[in-house]
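>
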Amino acid sequence: MRRVQEDKQKLIDGFTKRYNVTWLAYYEKTSDVRSTTAREKEIKGWRRSKKEALIESMNPRWKDLAM
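Residues in the sequence shown are numbered consecutively from 12, following the numbering used here.
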């Protein structure tokens with residue numbers, strides 16, 4: 012939740028600040044930083060349609076999950 016709030020408040024330079032990302036549509040929990048980084052790289056390589064399908068499998072109404 013700390014990281015989500017930092018992104019919403021644009022406290023850290025990066026993707027969310029640069030592209031004015033204001034809501035969370037999907038997330039995965041993990042305790043291992045290495046697997047998190049690998050998963051992020053995997054998803055970033057996907058086509059947009061595959062990313063949208065992943066989001067819709069967890070969040071079909073595209074609600075802001077940070078609320």
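Where is the CB? At the ideal position from N, CA and C, for every residue including glycine.
Given Y37, which residues of its chain have a CB within under 7 Å of its CB, disregarding the five upstream and five downstream residues?
So the qualifying residues of the chain are L65, I66, M69 and N70.
> If you measure between the beta carbons of L76 and L22, is that distance less than 8 Å?
No, they are not a contact pair.
> Would T27 be called buried (16 or more neighbouring beta carbons within 10 Å of its own) or exposed?
Classification of T27: buried, given that the 10 Å Cβ count is 16 or more.
> Please report the distance separating the alpha-carbon of S46 from that of E39.
Those two C-alpha atoms are separated by around 11 Å.
> Using DSSP with H/G/I as helix, E/B as strand and the rest coil, what is A77?
Residue state, collapsed to three classes: coil.
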